[in-house]
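Chemist: According to mature numbering (1 follows the signal peptide of the UniProt record, and there is no 0), the sequence shown holds residues -31 to -1, 1 to 883 in order.
By construction, the Cβ of each residue, glycine as well, lies at the ideal position given by its N, Cα and C atoms.
This structure is a prediction, so every number in the text was calculated from the model and none was measured.
A single structure is presented below for examination.
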Amino acid sequence: MEQSGRQAWIERWRCVAYMVALVTFWNEASAQIRYSISEEVKEGSVVGNIAKDLGIDKATLKDREYRIVGSSTEPLFRLNKDDGILYVSRKVDREEICERSNTCIINIKTVLENPLEIHYVAIEVMDINDHSPVFQEKEKRLEIFESTLPGARFQLQPARDPDGGQFTVQQYKLSHNDHFRLEVKERGEDRKMPFLILQKQLDREAMGEHKLLLTAIDGGKPAMSGTIEIVIVVLDVNDNSPVFTKDVYSTILNENAHPDSGTPSLSSNVTVNVFILDQNDNAPVILYPVSSNGSAEGVEEIPRNVNAGHLVTKVRAYDADIGYNGWLLFSLQDVTDHSLFGLDRYTGQIRTLRSFTETDEAEHKLVILVKDNGNVSLSATATVLVKVVEPKEAFAASDVKSATKDKEENNVTFYLMITLGTVSTLFLISIIVLIAMQCSKTTDYTSKYLQETNYDGTLCHSIQYRSGDKRYMLVGPRMSIGSTIVPGSHANTLVLPDRRGASGELRYSIREELTVGAVVGNIAKDLGLDIGALSARGFRIVSGSTEPLFQLNNNGILHVNGKIDREEVCERISTCIINIKTVLENPLEVHYVAVEVLDVNDHSPTFSENETRLEISESALPGARFQLQGAYDPDSDMYSIQLYKLSQNDNFRLEFQVVATDSGTPSLSSNVTVNVFILDQNDNAPVILYPVSSNGSAEGVEEIPRNVNAGHLVTKVRAYDADIGYNGWLLFSLQDVTDHSLFGLDRYTGQIRTLRSFTETDEAEHKLVILVKDNGNVSLSATATVLVKVVEPKEAFAASDVKSATKDEEENNVTFYLMITLGSVSTLFLISIIVLIAMQCSKTTDYTSKYLQETNYDGTLCHSIQYRSGDKRYMLVGPRMSIGSTIVPGSHANTLVLPDRRGTSGEVRKITSF
């Protein structure tokens, strides 16, 4: 056992000795040295003697193939195999190798063989001041209103210096002036941001333009600098009142001068026109596309085999404002593939820019921004989902047909056909209504006088009405208890005392959302009423509602009759009270009951929209505040919104959720998603799409016949800008043209047209250089060259012109006939409406008064209360019968039917019971 322990101890020491030997060998076989050189040193300059510094025998370097191991085809350094000295093989530019790193180190790996040794060499490239600060542009124009107050800040573009450390931009200087001063802020990583501060208010009338010189200086010795000219354009505001040229105006007038009193007298007048200037207070409204739920969304299907220029759809919008405020511009705010679709910013037409390939996706989402041109522009968005489907024969035929008729379609014809169909439909409907009214001869005039529900059979007992503060009743022989006869009313009108002032008011409280049938309170018990007499006295709730919230049973207990939603009944009133009026008769008693509905936490907070869109400029500084739309909770007090929470994020959010929570138990909540859209900066130059030559340059050749007329379309320059909004709004201009009288360019569409006809003296070739410029604050541009060749006319051109002329004439004829048809149908429609109105007005109406007093009335009580229903006349009578009348069976002996004496023929109408 001792022998085995001794062997284990020996094995451990052997492992330790092996590890020590391995580390020692590695330290000897691998080492690293460090050198430093300045950039821009000459080729062949010595960096260091690697062999000497590593203690390697020079005689063995060549045999052991001492070399640099690297993958670069053009190494910065080379190693002499004879003496082990490291040399510079080409120019070392620190800014090119390490860009803006503070420390620039180049690592080199050297190798010796037999035995293998690897040595690492670190070379630090020291910076020198070999670059001057440079501004991106030579001149910066700022437009500032003269009403701008002192202290306003205007950020300037900083200069860029490729050098690092102390050799980068260290300070800015502004030329001497009275209105502005310079302020520089540190932005980290040796970046300094200059700001122009207004210290004295501008006056355009004193000086309309100020020129300043901004100088950027680095920290080298000697220091290097760069400059930019800042031009301040002072914009005018209405800050000056009109001033007369003289303080006093005088004239001479003869004392005998008279006003014009000639015969005839002469006079003059002036018309004053008042023009109301428009304000940009209406946002654009999307007319197409519009989905079934009212949102501006649509789906378009196009076959995969369409060519470039195919019309996908047209976005239509309307703005109620006029002038510039109603001038709409369309732009692609979001698109899956910019190379596939193009949008005409003035017409809203979406067209394909190229043919589809097999690798293109089947669905493409396009978000179109429609923006007006007001000072504070308003906008709306529309979404078009383009689905690319496989081509079919129908698509192919449709494409061939649409290709020939695309330019021949006339929107006027389309709208005329729709209007014609609408007016024709209305005309047919009016004819049908007219025929139906003529065929319908029976009229049914129902009685307006219904028998009272609690009528007890006593003659003339229940006809009551109110005037002012008094209630009146038409009665029979028996007097009503507590009533007084009104003088001069033929002893048939009584005044009932109003007992509402003597009645009490009860108050109950319930919670909303109670089940139907829940007990509110015992009104009869709380008022001390006799339960046995409630039914006989007609105890009831007086309410005009068709669906009352409460009901009374025979025992005088108030029950819930329907679901009570406090927010629906009282909306956001803090105290919700429902007043109920109850009535007892014989004698009359009125009691008022107030039911307070208590709130429960039955509603979650809701946001007006599920998603909020914020547009923030990409140059916005940290700490900027943006107000969000608050949530709405119909509940009140403690059950309303108490807290807002934001979803967890590590940095500035492009999309996050806001959660609104109330204080109920359990608490209810709602959330809204906030999408933050980064506003565009003008950092993309326009790209020419057409013309483009085979080598990729923006050049093209167009041939036109010599006999074309003025206005002939030569070609259309197409361009694209990746920016959006005003930064992507492109304007075209002729930068160079051989003959300005021959060609004109539309600055918005890029169309080149002839201004006049060609003559024999005009040259056969014309070179046009078109400048395409965006509308950013610092505009970017691109140029295209079009070579126009004038060729002799051919028969094909003449045939084409004749054909187009005949088609235009045919199209005009179709429109003319449609207008005639529309006018004819509209005239017939108006005639039918006039006839219908005339027939309605010509009908004889004989509606007698609700209460017609009989001509033979002799003052007997309740003798003259008459009414009509249909072809019959009815009378409520007292004890004495009316001559010539008959009692209606089943009418409690108080309803007679009078013969209709309106005709002279003595016709007796048939009596029927009801």
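What number of angstroms, rounded off, separates the C-alpha of residue 424 from the C-alpha of residue 507?
Modeler: Position 455 of the sequence shown, counted from the start, is the residue given in the question as residue 424. Position 538 of the sequence shown, counted from the start, is the residue given in the question as residue 507. Only weak support exists for where residue 424 lies, its pLDDT of 39 falling under 50; the value from the coordinates is given anyway. Cα to Cα, residue 424 sits roughly 11 Å from residue 507.
Chemist: Return yes when the Cβ of residue 302 is within less than 7 Å of the Cβ of residue 256, no when it is not.
Modeler: The count along the sequence shown starts at 1 and reaches residue 256 at position 287. The count along the sequence shown starts at 1 and reaches residue 302 at position 333. Cβ atoms of residue 256 and residue 302: not closer than 7 Å.
Chemist: Are there 16 or more other CB atoms within 10 angstroms of the CB of residue 294, so buried, or fewer, so exposed?
Modeler: Mapped onto the sequence shown, residue 294 falls at position 325. It counts as buried.
Chemist: With a CB to CB cut of under 7 Å and the five nearest residues on each side skipped, what residues in its chain are close to residue 318?
Modeler: For the purposes of this step, residue 318 is taken as the residue at position 349 of the sequence shown. The answer, listed in chain order, is 280 and 283.
Chemist: Can you look up residue 683 in the DSSP assignment and give me helix, strand or coil?
Modeler: Numbered from its first residue, the sequence shown carries residue 683 at position 714. Residue 683: strand per DSSP, three-state reduction.
Chemist: Let me know the secondary structure DSSP gives residue 571 once reduced to three states.
Modeler: As a position in the sequence shown, residue 571 is number 602, starting the count at 1. Residue 571 falls in the coil class under three-state DSSP.
Chemist: Kindly indicate which three-state DSSP category residue 187 falls into: helix, strand or coil?
Modeler: Translated into positions along the sequence shown, residue 187 becomes position 218. Three-state DSSP puts residue 187 in a strand.
Chemist: Take every Cβ of the segment 590 to 604, pair it with every Cβ of the segment 553 to 563, and state whether three or more of those distances are shorter than 8 Å.
Modeler: Taking 8 Å as the limit for Cβ pairs, the verdict is that the segment 553 to 563 does not touch the segment 590 to 604.
Chemist: State the beta-bridge partners of residue 478 as determined by DSSP.
Modeler: Within the sequence shown, numbered from 1, the residue matching residue 478 stands at position 509. DSSP, once it has assigned bridges, lists 565 as partnering residue 478.
Chemist: So for residue 1, helix, strand or coil by DSSP?
Modeler: In the sequence shown, counting from the first residue as 1, residue 1 sits at position 32. Strand, per DSSP.
Chemist: What are the start and end residues of each continuous beta strand (DSSP E) run of 3 or more residues lying completely inside the segment 113 to 151, in chain order?
Modeler: For the segment 113 to 151, whole beta strand (DSSP E) runs of length 3 or above, ordered along the chain, are 122 to 124 and 138 to 143.
Chemist: According to DSSP, is residue 692 part of a helix, a strand, or is it coil?
Modeler: The residue you call residue 692 lines up with position 723 of the sequence shown. Of the three classes helix, strand and coil, the one that applies to residue 692 here is coil, per DSSP.
Chemist: Anyone know if the C-beta pair for residue 102 and residue 62 falls short of 7 Å?
Modeler: For this step, residue 102 is matched to residue 133 along the sequence shown. For this step, residue 62 is matched to residue 93 along the sequence shown. Against a cut-off of 7 Å, the Cβ pair of residue 62 and residue 102 comes out as no contact.
Chemist: On a CA-only basis, which of 82, 49, 42 and 38 is nearest residue 32? Give me that one, please.
Modeler: Taking the first residue of the sequence shown as 1, we reach residue 32 at position 63. Nearest option by C-alpha distance: 82.
Chemist: Determine the extent of the alpha helix (DSSP H) in which residue 50 is found, giving its start and end residues.
Modeler: For the purposes of this step, residue 50 is identified with residue 81 of the sequence shown, where counting begins at 1. Element bounds for residue 50: n/a, residue is neither H nor E.
Chemist: Can you tell me whether residue 120 is buried or exposed, with buried defined as 16 or more other CB within 10 angstroms of its CB?
Modeler: The residue you call residue 120 lines up with position 151 of the sequence shown. Residue 120 should be labelled exposed.
Chemist: Let me make sure I understand the geometry here. Which of 643, 489 and 57 has the alpha-carbon closest to that of residue 584?
Modeler: If you number the sequence shown from 1, residue 584 lands on position 615. If we check each option's Cα against that of residue 584, 643 comes out closest.
Chemist: According to DSSP, is residue 65 part of a helix, a strand, or is it coil?
Modeler: Taking the first residue of the sequence shown as 1, we reach residue 65 at position 96. Helix at residue 65.
Chemist: Assuming residue 278 and residue 689 are in contact, meaning their beta carbons sit under 8 Å apart, how far apart are those beta carbons, in whole angstroms?
Modeler: On the sequence shown, residue 278 is found 309 positions in, with the first residue counted as 1. On the sequence shown, residue 689 is found 720 positions in, with the first residue counted as 1. Incorrect: roughly 14 Å between the Cβ atoms, too far for contact.
Chemist: Taking buried to mean at least 16 other C-beta atoms within 10 Å of its own C-beta, is residue 114 buried or exposed?
Modeler: For the purposes of this step, residue 114 is taken as residue 145 along the sequence shown, with counting starting at 1. Looking at its Cβ environment, which holds fewer than 16 other Cβ atoms inside 10 Å, residue 114 is exposed.
Chemist: With which residues is residue 95 paired in a DSSP beta bridge?
Modeler: Numbered from its first residue, the sequence shown carries residue 95 at position 126. DSSP lists 7 as partners of residue 95.
Chemist: Span of the beta strand (DSSP E) holding residue 73?
Modeler: To locate residue 73, count along the sequence shown from 1; it is residue 104. Careful: residue 73 lies outside any beta strand (DSSP E) and carries neither H nor E.
Chemist: Once you ignore the five residues that flank residue 474 on each side, which residues in its own chain have a CB closer than 8 Å to its CB?
Modeler: Taking the first residue of the sequence shown as 1, we reach residue 474 at position 505. Correct list, in chain order: 560, 561, 562 and 563.
Chemist: State whether the segment 669 to 679 contacts the segment 702 to 712, with contact taken as three or more CB pairs (one from each stretch) at a distance under 8 Å.
Modeler: Contact between the segment 669 to 679 and the segment 702 to 712 is absent, because fewer than three Cβ pairs lie under 8 Å.
Chemist: Give the secondary structure of residue 294 by DSSP, where H, G and I count as helix, E and B as strand, and everything else as coil.
Modeler: Against the sequence shown, residue 294 aligns to sequence position 325. Residue 294: helix per DSSP, three-state reduction.
Chemist: How is residue 675 classed by DSSP in three states: helix, strand or coil?
Modeler: Counting from 1 along the sequence shown, the entry for residue 675 is found at position 706. Residue 675 falls in the coil class under three-state DSSP.
Chemist: With a threshold of 16 other CB atoms inside 10 Å of the CB of residue 567, please say whether the residue is buried or exposed.
Modeler: Translated into the one-based positions of the sequence shown, residue 567 becomes position 598. Exposed, since its Cβ has fewer than 16 Cβ neighbours within 10 Å.
Chemist: Could you give the DSSP three-state label for residue 168: helix, strand or coil?
Modeler: Here residue 168 is taken as the residue at index 199 of the sequence shown, counted from 1. Of the three classes helix, strand and coil, the one that applies to residue 168 here is coil, per DSSP.
Chemist: For residue 545, count neighbouring C-beta atoms within 10 Å of its own C-beta (all shown protein chains included) and say buried if the count is 16 or more, exposed if not.
Modeler: For the purposes of this step, residue 545 is identified with residue 576 of the sequence shown, where counting begins at 1. By the 10 Å Cβ count, residue 545 comes out buried.
Chemist: Look at residue 201 and residue 111 and say whether their C-beta atoms are less than 7 Å apart.
Modeler: Start at 1 with the first residue of the sequence shown, and residue 201 comes out as number 232. Start at 1 with the first residue of the sequence shown, and residue 111 comes out as number 142. Yes.
Chemist: How should residue 714 be labelled, buried or exposed, when 16 other C-beta atoms within 10 angstroms of its C-beta is the threshold for buried?
Modeler: Counted from its first residue, the sequence shown places residue 714 at position 745. Answer is buried; the Cβ neighbour count reaches 16.
Chemist: Please say whether residue 198 and residue 106 have beta carbons closer to each other than 7 Å?
Modeler: Residue 106 sits at position 137 when you count from the first residue of the sequence shown. Residue 198 sits at position 229 when you count from the first residue of the sequence shown. For residue 106 and residue 198, no; Cβs fall outside 7 Å.
Chemist: Touch check for the segment 175 to 182 and the segment 85 to 92: three-plus C-beta pairs under 8 Å?
Modeler: Cβ pair count under 8 Å is below three, so no.
Chemist: As a quick exercise: from 716, 485, 554 and 710, pick the residue whose alpha carbon is nearest that of residue 735.
Modeler: Mapped onto the sequence shown, residue 735 falls at position 766. Of the listed residues, the one whose Cα sits closest to residue 735 is 710.
Chemist: What does the Cβ neighbour count give for residue 663, buried or exposed, with the cut at 16 atoms within 10 Å?
Modeler: As a first step, residue 663 must be located in the sequence shown, where it is residue number 694. Classification for residue 663: exposed.
Chemist: What's the gap between the Cα of residue 149 and the Cα of residue 191?
Modeler: Translated into positions along the sequence shown, residue 149 becomes position 180. Translated into positions along the sequence shown, residue 191 becomes position 222. So the two alpha carbons sit approximately 29 Å from each other.
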